[in-house]
Structures are given as structure tokens and as C-alpha cells.
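Just below is one structure, and these are the notes that go with it.
2 protein chains.
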Amino acid sequence: MSIYKGILENVAKYVQLTDDEIAQFTAILKPTRIKKRQFVVQPGFVSEYRNYIVEGAVRVFYVDALGKEHTIIIAIEDWFFTDFFSYIHQTPAEYYAEALEDSLILQMKYDDVEELCGKVHSLCQYFRLYTERSMSFSYKRTVSNIGKSSEERYWEFVDKYPQIASRVPQYVLASYLGISPESLSRIRSRS
Amino acid sequence: MSIYKGILENVAKYVQLTDDEIAQFTAILKPTRIKKRQFVVQPGFVSEYRNYIVEGAVRVFYVDALGKEHTIIIAIEDWFFTDFFSYIHQTPAEYYAEALEDSLILQMKYDDVEELCGKVHSLCQYFRLYTERSMSFSYKRTVSNIGKSSEERYWEFVDKYPQIASRVPQYVLASYLGISPESLSRIRSRS
DNA sequence: CGTCTATTTGAATGTACTCAAAAGCGGTGG
DNA sequence: CCACCGCTTTTGAGTACATTCAAATAGACG
């Protein structure tokens, strides 16, 4: 079974590619193995790649002026991750992307994606539709952040992503939800 | 001067359209005038349109179980707005979109946009690139929400969008930043 | 000018945070 | 395989910050 199976199925949910288009697409995918705690993106370096996770888990986070970590993305199988701002604008990253587990990812270079999207209409459609969908979910997170209490945010997350909640360290989850690890521990204990 | 000037300039920042493509695009834009306090989107109704603001200001917000309003988007000239989740999935909206001022907007129907993006590669490119950029900014807001104090969020907003901060009521801004109106008033007074 | 809404101010409350320390857990090397 | 070490999670106490509720003031609009 090909390592491209997952991503091609993902694409197939939105558009249908010809065999030739599939070949062109997979040609720009660079399979990479990363070990737990390894950084894929680091502040100061341009995030050249959009990364798709075949197997494993990754988080994107930044360290504020006080040295505290804030997790922006927690990604598992069949998700994309990168420092999006750095990737889209091709400017130096501000965030880290770190493997939470040994992982296998598919990396696609910005220039390659852009070139291919310029040539292949259906791939352009795929990325448009996929990103629009991501965007619509992103608003849900904003709604959670501005309107819900820490406790509500936590249980909402557990409800929505039970696999993730049980798979990542609590301090990572806390930093994703914007809660201190101590508070998250207390929220969990009073249930 | 055509009312399409703004949106066409926006498109031109990303892609170049032929005259024919421009004609096809503007053909699906429906200019609509809305009065202050008028709703463009309401819970229970599918948000059929993606809306571009030619002139005016609009906010998207929801009302929680306790009757409190939470503002998700504040949009002015040259911005798009809609209940994105409802629009993308074509399911009933959960949010309101309300004019903060008398406004002139361009409405494009979901089906028309999809059909045109299927036919016209460069328009598909435009929406892809535009949405990817929006996405990259959306992460910035998330970073703000999970990592910064109320006070920092407020000053960051004023710094980033001074025109908006001085143009919308403070309780709207407070509900956008996830702060109570009273707290925002106090933040402003101690400066 | 009067009414309605938005903003400010005050006092009390509550939620989440910080700092500190203990307990739990996992991984590593002897 | 067990013992140790480091990191994560829990627990406790005190504090800071934002919220709520209530009332007063200020502003906008007809």
C-alpha cells in the first residue's frame, strides 16, 4: 500500500484527478521521517514546505517573551501543518513545528505547489476547497476562544478530538487551549 | 467609476483576468444596499452569499445561551464576510451578519462562485490564494487569543486596525476581543 | 429637548494564574 | 530487571485580573 494513499483519498474527496495529474502531484511530495521532539520548522528559517502527516503527530507552537509555549496547531494523520504565515508569505518563521511522535510526513515545496496549481486546475480547486473548509473550522475555534470558558473549551475539545486528547501530553493541550497546565489538571479532576 | 473597481483591483493583486473573465465574474456579483442594523445573515437560514464590502462596515456575531453577543468578524471596505461555515457547507447559519453602517456590498451566490471556479482557472486561483492568505492571518488571531492578555489584545488591535477601532462601538470591539465592555472601558482609561 | 443606548465608575465576586512542593510516570543505564 | 533521574501532573495557598451587577454619566438620534 502506497504512502500516498491517504493524501490521494483526501484529494479525491474534493476533485477527481487523471492518472497523469496524480503522477505530477505525487512527484512533488517528498516523504520524510521525523523523530519525536525533532523540529520541522524553526523561527528564523522560512517554512518552505506544506506538510501532510501520513503517520504520527506534530504540533506548531511559539515561545513568548516570557518563555511560555503556546500551541497553535496539533496535527495528526491526514492533516496538514506548517507555519502558515511563513509558508504563504515565504518569510522567516516565528513558530516551531515539533514532532510529538516519530512521524512520517509528505513535504511539498511552496514553489512546486504554486507551479502545479498554476498548471493543473483541479489541484488548484482541491487546495481552494480544502483551505476554505479549514477556514470555516478556524472560525469555530475563534468562537470557542472568545466566547467560552476554559472548562467549556476543554470538554469541547475532548468531545471533538478524543483521539488527540488522549494522545498528547496535557501541557501541550493546555497550551493549545490557552490554559495553564495546573488549571487544566484541576478542570479534569473536578468531573 | 464602477462599483466593481475595488473587487477587481483586489483580484488583480493575485491573478490577471481577461476581459471576458472579468465580464463573467462581475456578472455573478449582485450589488446590494443595506441599512445600518439590517441583517444580511440570520441563524436558521443558509448563508447563500459570499459578500464583499464596497462601502460600509459589517459584523458577524452570535448570541450564546446566556444571551451574550460574541463578534467573530468585523469587516470594512475591501473585505469579505459571511457565516463562513454556513456558506461553505451550505447548512443553516448559526450567526448573524449585521450592518454597522449603511453599506454597499457585492453578493456572490455559492453556486455561481463554484460554477465559475470550475470553469475559470484564474478565478479559482484567486480564491485559493486569497483564502490561504486569510488563513495565515487567522492563525495570528488565534495566537493573540490563546497567548495574550486582554490589554495586549486591545492595543494590538488598535495598532493593527486604527480605522476600525475608531469606527465601531466599543461593545462590539469588546465582544470581538472576548472582553466585557466594562473591562474594555477600564483598559482604555488606564493609559 | 427628551429618550434610548453606550460608556463609565464602583464594589463584590469568581475564575484562572503564579509559585512552590509533592506525587506519579516513563525512559535509561547499570 | 531494578533503581534512578527527569519530566509531567497533581495539589495547595495566595494573588491578580476580569467578570457581574448596579448605578451614574455621557452621547446619539429622532
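Quick mapping for you: the protein sequence lines, in order, are chains A and B.
The first sequence begins at 4 in my numbering and counts up one residue at a time.
The second sequence begins at 4 in my numbering and counts up one residue at a time.
Idealized CB from N, CA, C, for every residue including glycine.
query: For Met138(A) versus Leu32(A), is the C-beta distance shorter than 7 Å?
result: With respect to Leu32(A), Met138(A) sits apart: the two C-beta atoms are not nearer than 7 Å.
field: Below-7 Å beta-carbon distance, Met138(A) vs any chain B residue
entry: Contact with chain B is found for Met138(A), since one of that chain's Cβ atoms lies less than 7 Å from the residue's Cβ.
message: Measuring only the C-alpha atoms, how far is Tyr52(A) from Thr85(A)?
response: Straight-line Cα distance between these residues: approximately 7 Å.
7 Å Cβ cutoff met for Val63(A) and Ile75(A): It is a contact, given that the beta carbons lie within the stated cut-off.
message: Spatial neighbours of Gln93(B) within its chain, please: C-beta separation below 7 Å, excluding the five flanking residues on both sides.
response: Contacts found: Val49 and Tyr113.
query: If you draw a straight line from the C-alpha of Glu12(A) to the C-alpha of Phe83(A), how long is it?
result: Taking the straight line from one Cα to the other gives about 14 Å.
query: Does the beta-carbon distance from Glu97(A) to Pro46(A) come in below 7 Å?
result: Between Glu97(A) and Pro46(A), the gap from beta carbon to beta carbon is short of 7 Å.
For His124(A) and His124(B), believed in contact at Cβ under 8 Å, the rounded distance: Yes, His124(B) and His124(A) are in contact; Cβ-Cβ is about 5 Å, under 8 Å.
query: Going along the stretch 121-155 of chain B in order, which residues come within less than 8 Å of chain A, judged by CB to CB distance?
result: For the stretch 121-155 of chain B, the beta-carbon criterion of a distance under 8 Å to any beta-carbon of chain A is satisfied by Gly121, His124, Cys127, Gln128, Phe130, Arg131, Thr134, Glu135, Arg136, Ser137, Met138, Ser139, Phe140, Ser141, Tyr142, Lys143, Arg144, Thr145, Val146, Asn148, Ile149 and Gly150.
- prompt: Are there 16 or more other CB atoms within 10 angstroms of the CB of Gln19(B), so buried, or fewer, so exposed?
  reply: Per the 10 Å Cβ criterion, exposed.
message: Could you pull the DSSP bridge partners for Ile76(B) from this structure?
response: Per DSSP, Val63(B).
task: Return the residue from the list Tyr142(A), Gln27(A), Pro172(A) and Leu180(A) that minimises the CA-CA distance to Ser89(B).
output: It is Tyr142(A) whose Cα lies nearest to the Cα of Ser89(B).
- prompt: Between the beta-carbon of Ile182(B) and the beta-carbon of Ser153(B), is there less than 7 Å?
  reply: Cβ distance < 7 Å, so Ile182(B) and Ser153(B) count as in contact.
query: Where Glu24(B) and Leu119(B) are concerned, what is the direct C-alpha to C-alpha distance, given to the nearest angstrom?
result: Approximately 9 Å between the Cα atoms of the pair.
field: Cβ-based neighbour list, Glu159(B), same chain, cut-off 8 Å, excluding 5 preceding and 5 following
entry: Correct list, in chain order: Ser147 and Lys151.
- request: Name the residue from Arg156(A), Arg193(A) and Ser192(A) whose alpha carbon lies nearest to the alpha carbon of Ala177(A).
  value: For Ala177(A), the nearest C-alpha among the options comes from Arg156(A).
message: Just to confirm my understanding: we take Phe130(A), look at its own chain, exclude 5 residues before and 5 after, and list those with CB closer than 7 Å. What are they?
response: Annotation for Phe130(A): Cys120 place their beta carbon closer than 7 Å to its own, counting only its chain and skipping 5 residues before and after.
- prompt: Where does the unbroken beta strand (DSSP E) through Pro34(A) begin, and where does it stop?
  reply: Residue range Lys33 to Ile37 is occupied by the beta strand (DSSP E) that includes Pro34(A).
task: Answer yes or no: do Lys39(B) and Asp105(B) have a C-beta to C-beta separation smaller than 7 Å?
output: Yes. Within cutoff.
query: Is Tyr7(A) helix, strand or coil by DSSP?
result: Correct three-state label for Tyr7(A): coil.
query: In chain A, which residues lie less than 8 Å from Gly181(B) when you measure between Cβ atoms?
result: Within 8 Å of the CB of Gly181(B), the CB atoms of chain A belong to Asn148, Ile149 and Gly150, in sequence order along the chain.
message: Taking its Cβ as the centre, do 16 or more other Cβ atoms sit within 10 Å of Glu59(A), making it buried, or is it exposed?
response: As written in the sequence, residue 59(A) is Gly, which differs from the Glu given in the question. It counts as buried.
Enclosing beta strand (DSSP E) for Ala102(A) [first to last residue]: Segment Tyr99 to Ala102, the beta strand (DSSP E) holding Ala102(A).
- request: Residues of the stretch 54-72 of chain B with a CB closer than 8 Å to any CB of chain A: list them in chain order, please.
  value: Of all residues in the stretch 54-72 of chain B, Tyr65, Asp67 and Lys71 have a Cβ within less than 8 Å of some Cβ in chain A.
query: Going along chain A in order, which residues have a C-beta closer than 8 Å to the C-beta of Ile75(B)?
result: Those are Tyr142, Thr145, Val146 and Ile149, listed as they occur along chain A.
- prompt: From Tyr65(B) to Arg144(A), what does the alpha carbon distance come to, in whole angstroms?
  reply: Using only the alpha carbons, I get a separation of about 14 Å.
- request: Sort Ile77(B), Cys127(B), Phe42(B) and Arg189(B) by Cα distance to Pro165(B) and report the nearest one.
  value: Nearest of Ile77(B), Cys127(B), Phe42(B) and Arg189(B) to Pro165(B), Cα basis: Ile77(B).
Where Phe88(B) meets chain A, residues with beta-carbon distance less than 8 Å: Going along chain A in sequence order, the residues near Phe88(B) (Cβ under 8 Å) are Ser139, Phe140, Tyr142 and Lys143.
- prompt: Tell me which same chain residues have a C-beta within less than 6 Å of the C-beta of Tyr174(A), skipping the five on either side of it?
  reply: Contacts found: Pro184.
Rounded straight-line distance, which links the Cα of Glu135(A) to that of Glu117(B): If I take the Cα positions, the gap works out to 12 Å.
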